[in-house]
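Q:
Residue numbers (the working numbering): 897 to 960.
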């Protein structure tokens with residue numbers, strides 16, 4: 897049963913990373929209309945958060 901807890905902890909860590917990224921992006925929502933650089937920065941930050949989340953899930957799969 898310990899592999900189930902590895903997956904649960906990895907999934908919880910992934911959710912924490914994604915929620916933290918979304919909260920940060922919501923708090924830093926001070927861009928001007930038409931500020932495309934800020935839009936690209938936000939999209940990149942969410943992409944990095946998802947990559948980190950899936951990397952933690954992949955690490956749990958490799959460890960298992």
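Idealized CB from N, CA, C, for every residue including glycine.
(1) Classify residue 959 as buried or exposed, calling it buried when 16 or more other Cβ atoms lie within 10 Å of its own Cβ.
(2) Excluding the 5 residues preceding and the 5 following residue 952 in the sequence, name in chain order all residues of the same chain whose CB lies nearer than 8 Å to its CB.
(3) Residue 945: which of 901, 935, 921 sits nearest, CA to CA?
(4) Hey, residue 941 and residue 917: beta-carbon distance below 8 Å or not?
A: According to the structure data:
(1) exposed
(2) 906, 909, 910, 913
(3) 921
(4) yes
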